[in-house]
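Chains as they are written, first to last, in UniProt numbering: chain C, 1 to 253; chain R, 1 to 253; chain H, 1 to 253; chain P, 1 to 253; chain L, 1 to 253; chain Y, 1 to 253. Every residue, glycine too, gets a C-beta built ideally from N, C-alpha and C.
Number of protein chains: 6
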Amino acid sequence: MTTSLSPAFVRPSGRAPDQLRAVTLSRGYTRHAEGSVLVCFGDTRVLCTASVENRVPAFLRGKGEGWVTAEYGMLPRATHSRSDREAARGKQGGRTLEIQRLIGRSLRACVDRTALGERTITLDCDVLQADGGTRTAAITGAYVALVDAINWLTARGEFKSVKGGRDPIVGAVAAVSVGICGGVPVLDLDYAEDSGCDTDMNVVMNDGGGFIELQGTAEGHAFRDDELDAMLALARKGTAELLAAQQAALAGR
Amino acid sequence: MTTSLSPAFVRPSGRAPDQLRAVTLSRGYTRHAEGSVLVCFGDTRVLCTASVENRVPAFLRGKGEGWVTAEYGMLPRATHSRSDREAARGKQGGRTLEIQRLIGRSLRACVDRTALGERTITLDCDVLQADGGTRTAAITGAYVALVDAINWLTARGEFKSVKGGRDPIVGAVAAVSVGICGGVPVLDLDYAEDSGCDTDMNVVMNDGGGFIELQGTAEGHAFRDDELDAMLALARKGTAELLAAQQAALAGR
Amino acid sequence: MTTSLSPAFVRPSGRAPDQLRAVTLSRGYTRHAEGSVLVCFGDTRVLCTASVENRVPAFLRGKGEGWVTAEYGMLPRATHSRSDREAARGKQGGRTLEIQRLIGRSLRACVDRTALGERTITLDCDVLQADGGTRTAAITGAYVALVDAINWLTARGEFKSVKGGRDPIVGAVAAVSVGICGGVPVLDLDYAEDSGCDTDMNVVMNDGGGFIELQGTAEGHAFRDDELDAMLALARKGTAELLAAQQAALAGR
Amino acid sequence: MTTSLSPAFVRPSGRAPDQLRAVTLSRGYTRHAEGSVLVCFGDTRVLCTASVENRVPAFLRGKGEGWVTAEYGMLPRATHSRSDREAARGKQGGRTLEIQRLIGRSLRACVDRTALGERTITLDCDVLQADGGTRTAAITGAYVALVDAINWLTARGEFKSVKGGRDPIVGAVAAVSVGICGGVPVLDLDYAEDSGCDTDMNVVMNDGGGFIELQGTAEGHAFRDDELDAMLALARKGTAELLAAQQAALAGR
Amino acid sequence: MTTSLSPAFVRPSGRAPDQLRAVTLSRGYTRHAEGSVLVCFGDTRVLCTASVENRVPAFLRGKGEGWVTAEYGMLPRATHSRSDREAARGKQGGRTLEIQRLIGRSLRACVDRTALGERTITLDCDVLQADGGTRTAAITGAYVALVDAINWLTARGEFKSVKGGRDPIVGAVAAVSVGICGGVPVLDLDYAEDSGCDTDMNVVMNDGGGFIELQGTAEGHAFRDDELDAMLALARKGTAELLAAQQAALAGR
Amino acid sequence: MTTSLSPAFVRPSGRAPDQLRAVTLSRGYTRHAEGSVLVCFGDTRVLCTASVENRVPAFLRGKGEGWVTAEYGMLPRATHSRSDREAARGKQGGRTLEIQRLIGRSLRACVDRTALGERTITLDCDVLQADGGTRTAAITGAYVALVDAINWLTARGEFKSVKGGRDPIVGAVAAVSVGICGGVPVLDLDYAEDSGCDTDMNVVMNDGGGFIELQGTAEGHAFRDDELDAMLALARKGTAELLAAQQAALAGR
């Protein structure tokens, strides 16, 4: 690893460069949704609910497939200074649409939509408090809410006709941010790091070690191959820990 | 009181007709806002944040007065079945606008806007989980968030030049719903009661026993004077208990 | 009553505290609508049309019930200074939505929607000239337009299969504003009073003396029980006179 | 003239081919606007108000010129069947925008905007009842409202510094529709004719006999030179009568 | 002709008063659309595509008729200074809607919609570069794209059951602007002329010499009969040349 | 490289796996914009214009820095089947917003905004014809339009006070897509490949070999490290060729 590049850099939080923030995944956080998880990555808190509906979007009607989609929102005062309420402004901003498209694609990557059948699962990810990494926390938490919703369907016997076990879920996904801050590759950036770093990359991986999504942006200088490699190594470590946290939460530990 | 009208009616929750649900007011629920309160009326949970900004709307510029306003939202899966996200639909519905106007008016009734000076306090009331009475919970919680924001300003010496103590706050406000269910006047309706009752009234009162807002609607049959009197008596009892709960929360009890 | 509080108060219009403005209800004001009434409360003039359509909103389809709904608008120069045209701004304001929801609820309270059958009656209330009390004038006028539309349907034999007389109409509704101005409870506030009063309440009542809607707001100080009682007494007197005016208009007097 | 083309055609209204409908121009129809005229072309009734504001659009700021603009609306039940309220749909339709642009251009043609000074006059033309020809009625009525607003300004001494009489008004404009119905050129089409005619043309002329706007549309077959000539002759006759009616109204006859 | 009115006027382009700009009609300009034509009137360049869809708008369903409609857009930097992107502003302006309604009406005038059958042809006219006359160029180019789309349908045997040759096309349409500049009637105004002229008229004609649309506007002074006659004579000459250019393009010359 | 993975895969276009499509960059494509480039990647054609304005967004006012931003659009029939016009729908879709944010960030990475001074350069990228890779073509073409706009400013002496050569441009950026199709890593995917591939990655690089943006998405299966390495190698080769094509175009070759 390339932490030798800038041995003097100290993270604002005092964490080691390859250290995640404290992660919690609280299932059953609200009572109406089929899956409801409050995910915390340190001070970032996102409420992820999974809602099951017995219909599919127009483009899928009659095809025998289901759909998984996501919506993302931020409470106006989740952030340091109050931001406009998107419902009051009358439209969702580009950042919001970009994030909810990313969450939707990431979650669809772990679902067998034919096994799901003609139903839609909507993952609502609402940020109650933001401190960097809201989209990666959202993906990580939404996965647990999604599995809970599938389990709710399974418990009602909805997948009886389908052969085999935990059906429409074909893997697990988790996401984490990595970046280069003060020349040092770091894992799971908080807001203080995120706003000052040179490069920022969000990585979505599955439990087979494959990449689902990779979104890297050079904020300061363009990043080199060795920096990319260092960031990917951190992402691999971080998502492995997050995948373990998801399994622990689902196992009730 | 007229509870003798229908002695057979039993509240779905098992509560006495004049009994509030369990009420909690958790201050400092999120960390960025100048005031942040999670209010629970039973299973109804609303996050109320107060945000201070050093500007006023155009119609008040240069008049030496401040402004207090509110915005209301409901997370899509706060309810039994998922409702559309208003930001995605591109506009706030009539019910939302009506409620946020009510919250704003109610809170302005306890503020001396000249003492506040040229700043705006925005109360964001976001429903995390709904079980009836979200607007009354929101008003009751927003009052505590508002006082916390004023205290934050006071602690920074912003009202030094104003003579006297806890300045721009000139009273306390709390709100509760009352209704006629199965012929019985009841206090603080939950969703099961609200959707089946004949009459539903939201009452906002201050700590001087005065009415700030009264909004009664006959859902089934028109209500009579004696029913109105019975409901107002319950409202007086309920708001008195809520005003006490607010003071306890603010005193750190 | 509490008129002794401020015996010196004189209404800008010179009216007695319990005196309505001159009320006229002109039926057949325009020719296309099934019901069309110009209602005047003094200088407040609202055109109320009732339109019958043989369809119901999606949530009622196939349930054998009809729907009654309302829309409210104000011509840009109905007011002292020109206000923006809502169609040009691209959305209806909160006040507009609040008023049209109130009108719709009030009128539904006098209709048997099963007797109406699967049709929708839309009450369009457009303010040609405003001088306070537009929403109460609108409700009072819309009732007459609604009855005319029902009569039009009856004349075409649409309710033949339903047993009994003036079918889907199960009562009458009228509305009036009351308030406390300069300490005096007054009936039917005009703009000069409305903009300066301490408390303003809109009351919708039926011909059985029951309350349909009650919406009171303390603009200045919170109102007390005795003030509420005085206002309700005035409202009872005012709506009784308005209900008589409606019957006279419908009888062609 | 070519009325010999189809001698058998009888107008639904029984009017002669070159006969206007009954025209009335009622000044002072509402009381708040600086100019307020109800114009009737037969059963077509349009309320035209002129509102004076002491500001100009951004593109004119600081140029010493005024602005004259128009907005057009149709009450939902001005027509045979109810049309959607544009404010509720969230946008003005193409027809509405086209008509209000036409009204604005037509009225600007009779105003010296430098003499007007840095103020805006907005002409709101709202159709209370439609029976064809709403845009031509609107232009004809808006002219009278505009002159009343200018007179109101003159009476307040606003144009004292400008030399000469009725300053910013430099002419008069009126508009009428003409068309070919059943082969016969006719003047001032009502709805029954308008919806069935082959060609429809709206002509705006000034009191000098010049053309301000000409908008002809072949609905059925393309129109020939001789048909155009016949229509223009009718338009000349019709606008001359309308210009006389405007002068009579302004003279208080 | 009346060019003697102001013999001194010289067109900025050096053209004779009755001279069109260089006109080109490039078919097959893009590859996906059923018809795709780049039309140039001098420096004005508009891409016109015709898209065939097997559905009709709701108001035509089941009536056995087709529909022809148009949409118009201007790239933000088609003009001298950048104009806002309408998609970003969230609505199409009045000018855009007016132009696309004109294009649609003009093209429908040359189509037998019953012969077309239940399909919609949408003409998208997007201005890549503007130098005056974009709407007349759009109509002229859209006609060629429309014929190409009809030919594409014919080649697929879609009109086999209909008797006769080039079926749903019942004529040709072309459009040109004319105006009075410096007192001289001129043909096909470019931007330099358009922005300074006294009168501007857009004329749509068919190959039978009939008028489809006539839209004249007095920008400076009202125009007289003799000026109208001179402009119409120029329009007749111009559209004849454009109709010939269309036929040449369609013949592959 | 890993092309041995699936030796049997043949690209629909017949290209070698590491072969770009024919690339052209036509400068001065339209005449009004300060920079105007038509970029073609095979059948994908995007018109990129750079517009200079002497103002900056509110958040930069008075900071002495400039801004570079982008807007992206697709003509309705740029694609196989017609898509809705975003201006008519009233909002830009999530994909559009995502792409224009990417273009803006990429171009800002090669600009010294302090050297640019308080002006905004807007890059409008409008797709005339789409065949895959529109966003990478847009970035590649927009760079050339941006340099032309800077050169236009330089030629007017705008950067005289700044020391040194081709000032505000501090590097070059180009973009290309790479993917895994039928198991084979391929460069510059066209539509046929894009819609069927397993993984799709857009890579933006600078002329120093650094990464500006990396956006990879697993459409089918999650991609592994070796696949990522193979794709990045192709991206390096492709962007190098595109950077050379940009320099050739700017040199007038």
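(request) Run through the stretch 140-198 of chain Y for me and flag every whole alpha helix (DSSP H) of 4 or more residues, listed as ranges in chain order. (result) 191-194
(message) Taking the alpha-carbon of Phe59/Y as reference, which of Gly252/Y, Thr120/Y, Leu189/Y has the nearest alpha-carbon?
(response) Thr120/Y
(message) Would Asp194/P pass as an interface residue toward chain H - the criterion being a Cβ-Cβ separation below 8 Å?
(response) no
(request) Report the three-state DSSP secondary structure of Ala70/R (helix, strand or coil). (result) strand
(request) Pull up the distance between the alpha-carbon of Cys181/R and that of Ala192/R, whole angstroms please. (result) 10 Å
(request) Would you tell me roughly how many angstroms separate the C-alpha atoms of Gln215/L and Glu213/P, rounded to the nearest one? (result) Rounded to the nearest angstrom, the two C-alpha atoms are 7 Å apart.
(message) Looking at chain C, is there any beta carbon in it that lies within less than 8 Å of the beta carbon of Ser51/R?
(response) It does; some Cβ of chain C falls within 8 Å.
(message) DSSP three-state label for Ser26/Y, please.
(response) strand
(request) Would you identify the three-state DSSP class for Gln215/Y, choosing helix, strand or coil? (result) Strand, per DSSP.
(request) Output yes if chain H places a C-beta closer than 8 Å to the C-beta of Thr30/P; else output no. (result) Proximity of Thr30/P to chain H, defined by a Cβ-Cβ separation below 8 Å, is satisfied.
(request) Going by DSSP, name the residue or residues bridged to Thr44/H. (result) Phe41/H
(request) Measure how close the beta-carbons of Gly93/L and Asp194/L come, nearest whole angstrom, since I'm counting them as under 8 Å. (result) So it is not a contact: roughly 18 Å between Cβ atoms.
(message) For the beta strand (DSSP E) containing Ala122/C, name the first residue and the last one.
(response) Position check: residue 122/C holds Thr in this sequence, whereas Ala was assumed. 120-129 is the extent of the beta strand (DSSP E) around Thr122/C.
(message) Judging by CA-CA distance, which residue of Val23/Y, Lys63/Y, Asp84/Y is the nearest neighbour of Gln246/Y?
(response) Val23/Y
(message) Quick check on Gln247/R - is its C-beta less than 8 Å from some C-beta in chain H?
(response) Closer than 8 Å: no.
(request) May I have the straight-line CA-CA distance separating Ser36/P from Leu187/R, to the nearest angstrom? (result) Rounded to whole angstroms, Ser36/P and Leu187/R show a C-alpha spacing of 52 Å.
(request) Tell me, to the nearest whole angstrom, how far the beta carbon of Gly171/Y is from that of Cys110/Y; I am working on the premise that it is less than 8 Å. (result) 5 Å
(request) Tell me whether Ser106/L sits in a helix, a strand or coil according to DSSP, three-state version. (result) Helix.
(message) Mapping the DSSP letters down to three states, classify Ala35/C as helix, strand or coil.
(response) This sequence places Gly at residue 35/C; Ala is not what is there. Correct three-state label for Gly35/C: strand.
(message) Can you give me the C-alpha to C-alpha distance between Glu86/L and Ala87/Y, rounded to a whole angstrom?
(response) 5 Å
(message) Below 8 Å, how does it come out for the stretch 136-144 of chain C and the stretch 34-53 of chain C: are there three or more Cβ pairs, yes or no?
(response) yes
(message) For a quick check, are the C-beta atoms of Pro75/H and Leu128/H less than 8 Å apart?
(response) For the record, residue 75/H in the displayed sequence is Leu; it is not Pro. The answer is yes: Cβ separation under 8 Å.
(request) Could you run through the stretch 81-92 of chain L and flag, in chain order, every residue whose CB is less than 9 Å away from some CB of chain Y? (result) Ser81, Arg82, Arg85, Glu86, Ala87, Ala88, Arg89, Gly90, Lys91, Gln92
(request) Determine whether the Cβ of Ala230/C lies closer than 8 Å to any Cβ atom of chain Y. (result) Closer than 8 Å: no.
(message) At the 8 Å Cβ level, is Arg61/R part of the contact set with chain H, yes or no?
(response) So no, Arg61/R is outside the interface.
(request) Rounded to whole angstroms, what's the CA-CA distance from Asp198/R to Pro185/R? Just pull it up for me. (result) 10 Å
(request) Report the residue from Glu34/L, Leu20/L, Tyr29/L, Phe9/L whose alpha carbon sits nearest the alpha carbon of Leu146/L. (result) Per the Cα distances, Glu34/L.
(message) So for Leu242/P, helix, strand or coil by DSSP?
(response) helix
(message) Glu118/R and Gly64/R - do their beta-carbons sit closer together than 8 Å?
(response) Yes, the pair counts as a contact, with Cβ atoms nearer than the cut-off.
(request) State the Cα-Cα distance for the pair Pro57/Y and Leu153/R, rounded to the nearest angstrom. (result) 31 Å
(request) Could you check the C-alpha separation between Gly208/H and Ala70/R for me, to the nearest Å? (result) 38 Å
(message) Using a Cβ-Cβ distance cut-off of 8 Å, determine whether Asp167/C contacts chain R.
(response) no
(message) Quick check on the burial criterion: 16 or more other C-beta atoms within 10 angstroms. Buried or exposed for Gly14/Y?
(response) exposed
(request) Going by DSSP, name the residue or residues bridged to Val203/Y. (result) Val176/Y, Leu214/Y
(message) I believe residue 281/H touches Arg135/H by the beta-carbon criterion, under 8 Å. Please report the beta-carbon distance rounded to the nearest angstrom.
(response) Because chain H in this structure spans residues 1 to 253, residue 281/H falls outside the shown range and cannot be described.
(message) Can you give me the C-alpha to C-alpha distance between Arg166/C and Glu158/C, rounded to a whole angstrom?
(response) In this prediction, Arg166/C scores a pLDDT of 49, lower than 50, which makes its location untrustworthy; the coordinate-derived value is nonetheless stated afterwards. Distance between the alpha carbons of Arg166/C and Glu158/C is about 12 Å.
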